[in-house]
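Sequence positions in the sequence shown follow this note's numbering and run 145 to 848. To keep things clear, I will list the structure first and then write my remarks on it.
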Amino acid sequence: MFTTESKIRSYFREKGFYSVDVEITESDDPLMDNSIIFDISINKKKRVKIGEINFEDVESIKPWRLKMAMKNTKEKVFWRFFKRSKFSESNYKDDKMAVLKEFNAIGLRDASIVNDSVFFSNPDELQVDIKIDEGETYYFGDVEWVGNTKFRSTFLDTVLGIRSGEIYDKQLFEQRLFMSMDGRDVSSLYMDRGYLFFQVIPVEVSIVDHKINYQIRIIEGKQARIRNVIIKGNTRTNEHVIRREIRTKPGDLFNRNDIIRTQRELAQLGFFNEQAFQVNPIPNPQDGTVDIEYIVEEKSGDKVELTGSLGGNGTEENPTRLVGTIGLSFNNFSVRNMFRGKNQWSPVPMGDGQTVQLRVSSTTNYFSSSVSFTEPWLGGKKPNALSVWARYDRNGNTWRQDDPDYSGLSVADVGVSLQRRKKWPDDYFSESFQLNYKYYDVTNAESFVAFDTGFANDLSLGYTIQRSSVNTPIYPQSGSKILFSAKGTLPYSAFDGVSDYSSHSEQERYKYLEYYKLKFTGEWYLPLTQNKKLVLMPRIGFGYVGSYSSSKGITPFDRFSLGGSGMLGSSNSLNGQESIALRGYENGALSSENGDPLIAKYSLELRYPISLNPQATVYVLGFVEAGNTFPSLEKFNPLNVKRSAGIGLRLYLPIFGMIGIDYGIGFDRLDDWSQGAEIHNPIINSNGFSTKLNFTLGFNIGEL
């Protein structure tokens, strides 16, 4: 009876009900001889929170740092929404060890908890008092290497990166010997060269004047070659799709870095649960080889989009309207399996890593449809990705297109691109070539572009080079992505025989669009905590649209429009402009009516995940960003930017993709050339700020 009561009480206390009452009464069983019935009455009462955590005799570390080290034992504070304050005995034991590690990291390796107490400060709150004995500060002494024949001791000293006299940090010492996240460790030095059976044994030989001297004994062993590569768990994806991403090949020397890169490449596919990856090296000491076993867990990457949203900006030219969207995206499609019988359709043929996307949006005065296909390994031997697409957009008033009163813009867009991976400067680089044709048809739409009726042809060739080392696509926790793109049309003005276009109509001038467009973006993912959950993401971006002829001028299409969510389908993107997000402002509010040829944007996001479950990844973010567009080079000033700040939430569901919502505050009045309604608002002109709720679909909110 006592054991039962104790287990029940412990269970509820682990849940935070520290004041739980358990009463057990017994009575004879009237139906069975020699049997007893237990009646258990439980009153769990209110959940008890931790009101205060106190540290005594602590001088070397600020108390707030120790409280941060306690991951699951937290004080009650009003601003903490996602971690409940409760007391759990098991978590408390772990958190006390975490507190001691904070002292160990600054050389206080003898630090200990003299005593601690947990008691009620009032009926609803607990108080935790912890008394610390910090002890003496220790330092690293001399390091002696024994058994190393492949590398000199001086080189190993450089890799270790710890000098005599530095404050002792056991965690850093072990990281530099066994596994450092940046790859700077002695074990990687050997294991990346095939020494799978390598061992490193640190031995503490003496302590003199609080300096700890080490002898590091190395057993190098023999190099191991890979015999077999085994793949398990792929229930949908064909094995050749996985195998072509694997960098550990039979016959190669064992390389730990290649295994880490393989995990990254498989995660980038988006077909597998990144949290469930397993890699098992299986040594064969008899012949000095090793088998590498990769275990994956499939997840669905297909997406279904069925949404209704409000479009337009409420003006007479662009009234508010309901936009319905239907979209399908198959990210692991197989054209080959389409013709192999009905058993391959479940519900569509899958397994070859191809991508098919279909999307249709429609409302009373807007229609958009698109289709695209990507083959990531054209020919099956090299990672050359071929993509083709077609898109049609029409935006106008409510009249039929053949009606004399119709006013609108339609854009037909077809293109093809070829992307290939590069091995120089390193194998994180890739490049792509794009051939794109757009046809613009303008009818009685003077508010859209430079001419109110006519058409324009845009045939362009583009080149993009990027370096991407992000570890996962959904919630990146490390790495960076840097991209430079350039595209341009033929310089028709150089051979059409016209030197002065002032006498030509706008239709004649823009019948064949000519321009060049340059963009640069960079974003970095910097983990701020050891578990890499809290991530800082700075991003910068610049863009420029130029002309070959000053007489012909800059194209009225494909300019930059800044403000709002940057979602494709906003009123500005339907005007032939590239929409870029700047949260806290209205869509396109910072730019001229027809967009601007120059843009600068800077962003900083702080992200923290609520759930990293691949079936429902959720994270919150806080952001500050600034940006602006400029109508000419003379007015370009990268420091003349409009600032905003806010908070947001991202939800990734495999069937829907990424969904986001942001609430931002814009702090600055807009420039004279901006079309935003804010510049006509006397309150904002006086106070200089506005607020805006933005909704986003997809990973990117504008490429900048």
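Note that the Cβ used here is the ideal one computed from N, Cα and C, for glycine as well.
In this structure, Leu848 lies near Thr665, with their beta-carbon atoms less than 8 Å apart. Cβ-Cβ distances below 7 Å link Asp239 to Met214, Lys215, Asn216, Thr217 in the same chain, with the five nearest sequence neighbours on each side left out; the list follows chain order. Looking at the DSSP output, Ala630 shares a beta bridge with Tyr607, Leu662. The residues Glu246, in chain order, have a CB closer than 8 Å to that of Arg209 in the same chain once the five nearest residues on each side in sequence are set aside. Note on Met145: under 16 other CB atoms within 10 angstroms of its CB, so exposed under the neighbour-count rule. Shown here for Glu442: same chain residues with a beta carbon closer than 8 Å to its own, the five before and five after excluded, namely Gly377, Asn378, Thr379, Arg380, Thr381, Phe415, Phe416, Asn417 in chain order. In terms of Cα proximity to Trp489, the closest of Thr499, Gly497, Phe477, Gln498 is Phe477. Per the DSSP secondary-structure output, Pro346 pairs in a beta bridge with Ile360.
Following the DSSP letters along the chain, one finds Tyr334 inside the alpha helix (DSSP H) bounded by residues 330 to 335.
For Asp570, there is no enclosing beta strand (DSSP E), as DSSP gives it neither H nor E.
For Ile626 and Glu667, the gap between their C-alpha atoms comes out near 6 Å.
Residue pairing by DSSP places Leu270 opposite Ile194, Phe264 in a beta bridge. For Phe483, the closest of Phe474, Pro493, Asn475 by C-alpha to C-alpha distance is Pro493. For Pro520, the three-state secondary structure derived from DSSP is coil. Between the C-alpha atoms of Ser171 and Arg153 there is a straight-line separation of about 22 Å. Where Asn235 is concerned, the enclosing alpha helix (DSSP H) starts and stops at 233 to 248.
With distances taken between CA atoms, Asn399 lies nearest to Tyr334 out of Lys355, Tyr334, Ser723. Secondary structure remark: continuous alpha helix (DSSP H) runs of at least 4 residues inside the stretch 359 to 407, in chain order: 383 to 387. DSSP, reduced to helix, strand and coil, places Phe421 outside both helices and strands of the structure shown, so it counts as coil. Close CB contacts of Pro394 within its chain, under the 7 Å cut and outside five residues either way in sequence, are with Ile370, Arg371, Asn372, Val373 (chain order). When DSSP states are grouped into helix, strand and coil, Lys355 belongs to the strand group. Residue burial is scored here from C-beta neighbours: Gly641 has fewer than 16 other C-beta atoms within 10 angstroms and is therefore classed as exposed.
Taking the CA atoms as reference points, Ser622 sits about 6 Å from Leu670. The Cβ neighbour count for Asn424, taken over all protein chains shown within 10 Å, is under 16; the residue is labelled exposed. Annotated as proximal: Gln271 and Gly195, with beta-carbon spacing under 8 Å. Assigned with DSSP and collapsed to three states, Glu737 falls in coil, not helix or strand.
One alpha carbon belongs to Glu149, the other to Lys275, and they sit about 31 Å apart. Taking the CA atoms as reference points, Gly771 sits about 51 Å from Val262. Closest option to Ala420, judged by alpha-carbon separation, among Ala411, Pro427, Ile426: Ala411. For Pro682, the enclosing beta strand (DSSP E) covers residues 679 to 690. In the DSSP assignment, Asp165 falls within the beta strand (DSSP E) that extends over 165 to 172. Apart from the 5 residues on each side of it in sequence, Pro758 sits with its Cβ closer than 6 Å to the Cβ of Asn417, Lys443 in its chain, given in chain order. DSSP, reduced to helix, strand and coil, places Lys786 within a strand of the structure shown. Under the DSSP assignment, Ser647 falls outside any beta strand (DSSP E); it carries neither an H nor an E label. Counting along the chain, the unbroken alpha helix (DSSP H) around Ile152 starts and ends at 146 to 158.
For Ser693, the CB contacts under 6 Å within the same chain, skipping 5 residues up- and downstream, are Ser637 in chain order.
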